[in-house]
Amino acid sequence: MKVIVLGSSGSVGAPGNPASGYLIQPSNGQSLLMDIGPGVLAKMQEYQNPNDAHMLFSHLHPDHCLDFPSLLVWRRYHPTAPAQHRNICMGPHHTPIHLGRLSADIPDEVDDMSDTFDFHPWRIRHPHPIGDFTVTAYPTIHPIESYAMRVTAPNGRIIAYSGDSAYSTELIDCARNADIFLCEANWGKSCDNKAPNMHMCGQDAGIIATKANAKHLILVHIPPWGDPIGAMEGARQHYDGPISLSYSGMEIPL
Ligand SMILES: [Zn+2]
Ligand SMILES: [Zn+2]
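Just so you know, we're using our numbering here: the sequence shown kicks off at 60 and counts up by one.
See below:
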């Protein structure tokens with residue numbers, strides 16, 4: 060099994076790095092795709108058939124979901140290999156309406172995704188069986204309904220993903236003893252003079268990784284105009300374990 064960072068740029072895509080998309084690929088069976096921001100579907104084609112993945116949304120800001128209508132096109136209209144069965148889609152409660160509007164041909168109409176995805180809203184702290192995995196969602200602090208995810212693989216390995224969030228103790232439970240913790244560090248080194256209740260900095264990520272006893276901290280969601288080196292320095296002030304900066308194409312075997 061491996062985790063592949065398809066894109067990890069924050070807020071918008073960057074040259075060579077699409078916006079958010081994280082693929083959890085088992086040795087066999089269906090993958091999990093956490094978020095599908097702009098550019099992610101193209102990158103995904105380098106690794107597998109896009110039809111063979113369940114879809115998990117942390118939230119519905121554009122940088123996390125805008126390639127979803129294109130995924131529907133792939134699943135429905137691929138001329139030789141359209142999707143053969145429905146996959147699961149998990150997300151905030153209004154996901155089918157919000158993304159259905161994005162995918163509709165006529166303004167204000169809603170494209171019904173139920174022909175190709177079986178949608179379920181997240182239930183907070185409820186272990187959802189999805190394919191061969193178990194996924195638990197935790198509420199995060201962000202301007203819209205948003206979740207972090209804790210994924211337990213069939214081999215017992217644990218992947219945690221913060222989604223977008225300000226500092227929250229919920230994230231400590233989400234990342235508890237995780238083998239890898241994909242944590243946003245949008246603001247760079249510190250959160251000084253940044254907008255409240257929206258994002259974290261490297262220092263926040265380091266504090267949570269230590270409190271959670273996460274085994275490998277991977278910093279994500281740093282915008283093209285951001286400060287990745289500062290984010291690393293901030294995380295290092297509070298976390299002694301391995302820290303990596305994410306990039307498109309990063310593969311982590313588990
Ligand atoms: Zn975002
Ligand atoms: Zn967001």
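For glycine and all other residues, C-beta sits at the position ideal for the given N, C-alpha and C. All values derive from a computational prediction rather than experimental measurement.
DSSP places alanine 207 within a strand segment (E or B) once states are collapsed to three. For glycine 98, the secondary structure class from DSSP, reduced to helix, strand or coil, is coil.
Counting only residues of its own chain and dropping the five nearest sequence neighbours on each side, leucine 304 has a CB closer than 7 Å to the CB of Leu278, Pro287, Met291. Comparing C-alpha distances from arginine 184 to each of Met208, Met257, Leu276 shows the shortest one belongs to Met208. Nearest to histidine 157 by alpha-carbon distance, out of Val194, Pro128, Tyr306, Ile200, is Pro128.
Looking at the backbone, the Cα of alanine 163 and that of histidine 120 are separated by about 18 Å. Taken atom to atom, the span from the alpha-carbon of proline 85 to that of tyrosine 226 is near 30 Å.
Aspartate 286 has its CB no nearer than 7 Å to any heavy atom of ligand 2. Shortest gap from the CB of glycine 69 to any heavy atom of ligand 1: under 7 Å. By DSSP's assignment, cysteine 233 forms no beta bridge with any residue.
Rounded to whole angstroms, the gap between the alpha carbons of cysteine 250 and alanine 268 is 17 Å.
With a cut-off of 7 Å, the C-beta of aspartate 111 is classified as distant from ligand 2, since no heavy atom of the ligand falls inside that distance. If you draw a straight line from the Cα of valine 64 to the Cα of glycine 300, it is about 20 Å long.
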